[in-house]
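The structure under discussion appears below in the form of structure tokens.
There are 4 protein chains.
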Amino acid sequence: MTLGIAILGAGRIGQTHARAISATPGARLVAISDPFAEAAQKVSDAYGCDIRSIDDIAASDDVDAVAICTPTDTHADLIEQFAKAGKKIFCEKPVDLSAARVKQAIATVEAEGATLMVGFNRRFDPDFMAVKAAIDNGSVGDVEMVTITSRDPGAPPPAYIKVSGGIFRDMTIHDFDMARWLLGEEVQTVVAQASNLVDPEIGKLGDYDSVNVILRTASGKQAVITNSRRASYGYDQRIEVHGSKGMAQAQNTLEANVVVATADGISTPPLMNFFMTRYTAAYANEIAAFVTAVNSGQPTPTTGLDGLKALELADAALEAAQTGKAVTLA
Amino acid sequence: MTLGIAILGAGRIGQTHARAISATPGARLVAISDPFAEAAQKVSDAYGCDIRSIDDIAASDDVDAVAICTPTDTHADLIEQFAKAGKKIFCEKPVDLSAARVKQAIATVEAEGATLMVGFNRRFDPDFMAVKAAIDNGSVGDVEMVTITSRDPGAPPPAYIKVSGGIFRDMTIHDFDMARWLLGEEVQTVVAQASNLVDPEIGKLGDYDSVNVILRTASGKQAVITNSRRASYGYDQRIEVHGSKGMAQAQNTLEANVVVATADGISTPPLMNFFMTRYTAAYANEIAAFVTAVNSGQPTPTTGLDGLKALELADAALEAAQTGKAVTLA
Amino acid sequence: MTLGIAILGAGRIGQTHARAISATPGARLVAISDPFAEAAQKVSDAYGCDIRSIDDIAASDDVDAVAICTPTDTHADLIEQFAKAGKKIFCEKPVDLSAARVKQAIATVEAEGATLMVGFNRRFDPDFMAVKAAIDNGSVGDVEMVTITSRDPGAPPPAYIKVSGGIFRDMTIHDFDMARWLLGEEVQTVVAQASNLVDPEIGKLGDYDSVNVILRTASGKQAVITNSRRASYGYDQRIEVHGSKGMAQAQNTLEANVVVATADGISTPPLMNFFMTRYTAAYANEIAAFVTAVNSGQPTPTTGLDGLKALELADAALEAAQTGKAVTLA
Amino acid sequence: MTLGIAILGAGRIGQTHARAISATPGARLVAISDPFAEAAQKVSDAYGCDIRSIDDIAASDDVDAVAICTPTDTHADLIEQFAKAGKKIFCEKPVDLSAARVKQAIATVEAEGATLMVGFNRRFDPDFMAVKAAIDNGSVGDVEMVTITSRDPGAPPPAYIKVSGGIFRDMTIHDFDMARWLLGEEVQTVVAQASNLVDPEIGKLGDYDSVNVILRTASGKQAVITNSRRASYGYDQRIEVHGSKGMAQAQNTLEANVVVATADGISTPPLMNFFMTRYTAAYANEIAAFVTAVNSGQPTPTTGLDGLKALELADAALEAAQTGKAVTLA
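Taken in sequence, the protein lines are chains A, B, C and D. At position 218 of the first sequence the residue is numbered 218 (full-length UniProt numbering), and the sequence of numbers has no breaks. At position 113 of the second sequence the residue is numbered 113 (full-length UniProt numbering), and the sequence of numbers has no breaks. At position 37 of the third sequence the residue is numbered 37 (full-length UniProt numbering), and the sequence of numbers has no breaks. At position 79 of the fourth sequence the residue is numbered 79 (full-length UniProt numbering), and the sequence of numbers has no breaks.
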């Protein structure tokens with residue numbers, strides 16, 4: 001079958017998904033919706049799809065699924081609207097900044113028997129998938145320790161910080177999901193330290209820009225997450241899994257795989273600098289996985305529960321950083 | 001404007017170009033042609049284009065350009081047919097295995113005022129482009145020595161060897177073009193050694209599978225090319241340029257950028273194993289460059305003359321390998 | 001001048017220092033002392049020095065300095081004895097497992113106007129020195145975050161664990177010293193998590209084998225330390241410093257700098273597997289720095305206070321791991 | 001037994017061997033000889049050996065072996081003098097610049113039943129030894145192609161060029177020996193190209209500074225050697241062996257194994273810049289191998305014949321470069 005998909009939101013992530021859907025066998029981009037007519041038109045022109053309102057999309061017979069790419073504070077409402085409309089749902093992370101609201105949305109999804117996949121794109125990065133494969137095929141043995149380094153090329157503007165939910169819910173949330181995925185066991189204990197070193201404006205807004213978190217499971221497995229809102233050398237995204245038999249590492253992605261050696265030393269280009277460039281393949285794979293799961297009637301590889309668990313870890317890390325005390329999850 | 005393109009030949013390289021054309025802004029895949037109906041149908045289904053005969057394509061008003069992806073021995077005839085039909089022409093390398101026939105085709109192209117770009121895809125590989133940029137921006141100073149390593153994962157079957165024109169015209173021809181592009185000066189002298197080490201069947205057919213070539217320009221710049229029809233570890237494609245100020249290297253491309261460390265050692269995945277996977281970006285960039293050049297009325301980045309020069313170097317290298325004497329080009 | 005040095009303890013670290021002293025210009029190995037006659041004889045034969053008792057060494061006019069390489073529980077006594085004897089003192093870490101006893105020994109050293117250097121060999125590793133240089137020359141800007149990965153190839157036997165003082169005082173203590181050295185600011189807050197994943201015997205003895213620690217200074221700089229008593233792939237020793245302008249990393253040291261590529265993948269040899277091999281250059285540089293400092297009348301690069309500070313961090317990390325609460329240092 | 005060794009020549013290579021001999025178990029540095037009293041004194045002071053004349057050394061009962069580190073034009077005479085004196089002989093490469101004189105010296109060595117090892121230090125480099133081990137243990141299968149890159153950091157002064165015998169006999173000679181060692185089969189055919197690109201003064205003296213050579217054995221195995229008298233980024237020394245099962249590479253040696261990443265890119269320090277630093281371990285291993293062979297009565301790992309074979313390849317490459325014709329060795 002060919003899955004008819006509509007995209008809600010024609011911003012940069014919506015555009016990325018439009019391209020990915022157009023290139024995915026078994027999927028067809030049916031419609032785009034955005035309050036800004038110009039943005040919607042641009043996607044329509046590029047990929048030959050209709051422009052429709054959100055309510056029209058909910059009522060469209062040729063739309064089997066939606067990709068929610070709107071601002072975070074609309075995600076939960078839209079999930080509930082489209083769950084009730086009987087559409088398969090792909091939603092960008094986070095579902096909501098409030099764990100209570102996320103639980104409510106998940107309850108609605110379950111009550112309607114709907115399908116919800118949350119966009120944790122990093123699980124679909126080829127390099128991170130190769131690390132996961134090294135766990136799954138036994139190369140590293142039993143997982144003992146996970147190390148995740150994630151540094152943004154630069155801090156977002158204060159306007160974004162204000163609505164972001166803070167670094168743990170906005171940035172570290174990806175790493176919490178990766179940690180759960182790689183540890184293979186739920187986290188029980190969280191300790192954290194958080195500083196404001198990059199941009200004083202971030203501190204004035206009550207947020208942090210430099211954090212370290214240790215997660216620990218009931219059996220004693222641990223994950224360390226290092227985040228900074230600054231990395232002059234590009235978008236620093238590394239993962240390391242250490243197990244009883246060995247270690248698997250995903251290394252950074254350079255702009256080009258070249259070396260220039262002169263009297264000044266030996267150098268490579270910087271890291272890819274932008275998350276949408278760095279994770280181009282991950283975004284494409286993520287949409288393909290959604291399409292494959294829906295078309296085959298299988299569960300989606302991520303769910304609303306994954307979104308909830310990551311958010312709960314973010315809330316716990318914030319509390320741990322603020323109190324200096326280990327926070328235990330239920 | 002949007003360039004209407006038809007593809008002649010629905011084999012694997014034709015399919016690659018079909019995908020690239022579909023994804024290129026400013027271009028539209030209008031038609032596919034192939035004597036095997038099934039192959040043409042597959043491309044038509046995947047990218048929504050017509051199926052037409054070659055003569056229909058030559059007569060089609062909605063076709064502005066063709067991509068010739070048919071067997072080598074048809075290239076020159078098709079170039080001449082479409083030059084006369086007033087179509088812009090992209091042709092896979094080589095133009096022909098006979099330098100005389102190539103010259104004739106080029107003469108026809110010139111007489112008709114036609115446009116011919118020859119598919120030396122490696123010039124469009126992002127890593128090799130970064131090496132070229134290191135030359136052009138002065139990082140390596142004046143180019144002195146170029147080293148090109150090119151090893152295929154495995155030898156082609158005897159049936160292919162028979163029609164290939166031999167290793168120098170079939171495989172090394174890419175490296176001759178790269179050497180010309182990187183040296184920035186025409187080659188004057190060629191010495192070579194050629195052996196049969198990989199597959200005795202290749203030797204029985206009078207061809208070689210393991211060759212080394214030294215090229216030298218009038219000013220004394222040198223390029224070394226190392227070719228083998230065997231590389232168990234993947235498709236080995238490296239370039240190194242050494243100049244008065246330093247060196248630039250393009251390194252190999254791994255299947256994934258991960259490291260697994262165990263008691264057995266520290267390992268990465270093999271190299272990408274197939275030329276169409278390894279050069280995915282190069283093929284896309286190549287088509288985009290053709291479309292951009294034609295749409296803007298600029299010269300194409302490669303021409304029939306580049307095809308001729310590379311073939312003349314192949315002929316010279318074969319003679320040098322067979323006689324043990326340096327061959328001087330006119 | 002030539003510094004006459006005696007070594008107390010002819011075990012493996014004593015032997016390492018014997019070799020380093022023999023090769024250091026400006027130093028001469030005068031005597032070795034060890035209760036095991038055979039061990040002392042071996043060093044005497046290899047490097048042509050006398051065998052003397054500890055008391056004889058203390059009374060020897062031709063001995064200007066001693067290197068204390070005896071078991072940990074004798075260090076403080078020997079430091080005091082040789083401080084009173086007017087000898088310059090190099091002592092292996094740790095000074096003692098009790099912070100109170102360390103303070104007492106330091107007090108004696110100060111009262112006698114003696115010289116005490118504590119053997120934090122990693123400060124003298126060429127790669128770590130290059131990282132420190134990248135801080136000192138401004139390349140990384142203001143230090144913000146430090147990441148230290150230190151994994152032993154295998155767990156020591158239970159007999160050693162019993163007298164080791166536990167993983168924080170025995171193994172992490174090196175990393176605490178590195179963190180202080182690289183942060184350039186004293187640590188104020190410590191959080192930690194500790195598990196027993198490698199060897200259940202270690203857990204039965206009340207110790208851990210897998211720990212993560214976050215250190216934080218008053219200005220918010222942070223260091224993360226990851227330790228494991230297991231690394232099948234060799235002795236894993238990496239340091240990364242992230243600052244306002246960039247990052248500096250010291251990478252691991254392979255047994256040989258070679259790559260073997262086959263159909264099974266691309267591999268290098270494992271990491272150097274033994275701390276004395278991995279840190280050969282560091283041990284030599286450390287002794288040379290002691291000799292240079294003493295001969296020139298300059299302060300030694302490390303002191304008893306460095307030993308005390310590292311031990312206090314170890315005590316704090318242990319408390320933090322056991323209580324789940326951040327520990328604040330005075 | 002302990003081998004008493006005297007060094008003839010207290011220049012930089014003599015000093016290197018003095019240090020290596022002093023550190024080698026089973027060897028003792030007995031004497032140094034040099035017409036410049038100051039140079040001899042320096043070695044004597046540093047390592048506590050006698051200063052003697054060459055004739056005294058030849059007559060000394062406590063000297064079992066000599067290391068000849070004098071200027072090239074004295075090597076053959078000294079080899080013959082010490083062969084007749086019954087001393088074991090280690091001689092720096094080359095034995096002589098004339099193949100005829102080398103043959104004569106070898107004849108004398110054989111007539112006297114003497115032992116002669118020629119200093120091809122690169123065979124003893126740990127990385128190159130690991131490549132050789134990958135051949136010997138079957139990892140790369142049957143050797144098919146060898147690639148040797150050797151670039152000096154800078155050109156020597158004209159005064160040295162004049163007495164050097166030219167680039168093939170002075171610089172490439174090391175690579176000829178490596179090629180023979182790695183190919184495992186004698187070379188039959190040589191082609192070469194040589195240019196003057198680095199320093200016009202070298203060209204005025206009739207020598208070259210940029211050369212490429214292809215060597216071929218009777219069975220068709222090939223080796224490529226690339227040499228330049230210029231490498232701004234350090235002493236570029238790489239080896240690659242390609243066989244039926246895979247490839248082994250020895251990579252370059254950095255001054256420190258660190259990476260610094262900033263907005264300008266990601267860089268490492270340059271390569272080690274000086275052959276005596278780059279090959280420190282090789283020089284030590286070479287002397288140890290000489291001592292072990294002599295003390296155990298085994299053949300030395302290299303002989304006068306190796307020196308002769310490398311020189312004959314140098315002569316052939318020069319002829320091939322000058323005539324443009326393949327030169328066949330007897």
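Here a beta-carbon is modelled for each residue, glycine too, at the ideal position from N, C-alpha and C. Computed from a prediction, not measured in an experiment: that's the story for all the values here.
| said: For a cutoff of 8 Å on Cβ pairs, would you count D:P126 as touching chain C? | reply: yes
| Does the separation of the CB atoms of A:P270 and A:G234 fall below 8 Å? | yes
| What are the boundary residues of the alpha helix (DSSP H) that includes A:R12? | R12 to A23
| C:T262 burial status per 10 Å Cβ neighbour count (16 or more: buried) | buried
| Alpha carbon to alpha carbon, what distance is there between B:D50 and B:A31? | 4 Å
| Quick one, which residues of the stretch 246-261 of chain B are near chain A if we go by CB-CB under 7 Å, in chain order? | G246, M247, A248, Q249, A250, Q251, T253, A256, N257, V258, V259, V260 and A261
| Could you check where the beta strand (DSSP E) with B:D236 kicks off and where it finishes? | D236 to G243
| field | Given 8 Å, three or more beta-carbon pairs between the stretch 206-214 of chain D and the stretch 106-123 of chain D | value | no
| Under 9 Å from the C-beta of C:A130: neighbouring residues of chain D | E255, A256, N257, V258, V260 and P269
| chain D contacts made by the stretch 187-207 of chain B, where a contact means CB separation under 8 Å | T189, V191, A192, Q193, S195, N196, L197 and V198
| 8 Å Cβ cutoff met for A:M272 and A:T253 | yes
| field | Touch test, the stretch 306-319 of chain B against the stretch 161-180 of chain B, Cβ-Cβ under 8 Å, three pairs minimum | value | yes
| said: For the stretch 287-304 of chain D against the stretch 11-30 of chain D, do three or more pairs of beta-carbon atoms, one drawn from each stretch, fall closer than 8 Å, so that the two count as touching? | reply: yes
| query | Based on the DSSP output, what are the partners of B:Q249 in its beta bridges? | reply | A:V259 and B:E240
| query | Which parts of the UniProt domain "GFO/IDH/MocA-like oxidoreductase" (128-248) of chain B are runs of the alpha helix (DSSP H), unbroken and 4 residues or longer, counting only runs that do not cross its ends? | reply | 158-164, 167-170, 172-183 and 200-204
| What residues are listed by DSSP as bridge partners for A:L29? | A:I5
| Closest Cβ-Cβ distance between A:G265 and chain D: below 8 Å? | yes
| field | Range covered by the beta strand (DSSP E) that runs through A:G48 | value | Segment: none, A:G48 is in no beta strand (DSSP E) and carries neither H nor E.
| query | Just checking my contact of C:I79 with C:A105 at CB under 8 Å: how many whole Å lie between their CB atoms? | reply | 5 Å
| request: Return yes when the Cβ of D:I239 is within less than 8 Å of the Cβ of D:F124, no when it is not. | output: no
| said: Quick check: what's the CA-CA separation for C:D177 versus A:K245? | reply: 29 Å
| said: Just verifying my parser: in three-state terms, what is the DSSP assignment at C:L97? | reply: coil
| message | Measuring alpha carbon to alpha carbon, tell me which residue in B:L8, B:D77, B:G265 and B:N196 is nearest B:A65. | response | B:L8
| request: Could you round the C-beta distance between B:E112 and B:K93 to whole angstroms and report it? I think they count as a contact, below 8 Å. | output: The Cβ separation is near 21 Å, so there is no contact.
| message | Measuring straight from C-alpha to C-alpha, what distance separates C:S98 and C:K309? | response | 12 Å
| Shortest alpha-carbon distance to C:N326 belongs to which of C:L215, C:S150, C:A248 and C:F82? | What sits at residue 326 of chain C in the sequence shown is Ala, not Asn. Looking at the Cα atoms, C:L215 is the closest of the given residues.
| query | Any idea what DSSP makes of A:S267, helix, strand or coil? | reply | strand
| said: Taking the alpha helix (DSSP H) that B:V291 belongs to, which residues open and close that run? | reply: T280 to S296
| said: Let's see if you can read the secondary structure: which residues bound the beta strand (DSSP E) around C:F90? | reply: K88 to E92
| query | From the beta carbon of A:G138, is the nearest beta carbon of chain C less than 8 Å away? | reply | no
| query | By a C-beta neighbour count over all protein chains shown, 10 Å radius and 16 as the cutoff for buried, is A:E110 buried or exposed? | reply | exposed
| Using the C-alpha atoms, what's the distance from C:V187 back to C:I68? | 28 Å
| CB contact check: C:R229 to chain F, cutoff 8 Å | The structure shown contains no chain F; the protein chains it does contain are A, B, C and D.
| Using a C-beta to C-beta distance shorter than 8 Å, which residues of chain C count as neighbours of B:S232? | A261, T262 and A263
| Test: B:A134 CB closer than 8 Å to a CB of chain A | yes
| Limits of the unbroken beta strand (DSSP E) element including C:G119 | L116 to G119
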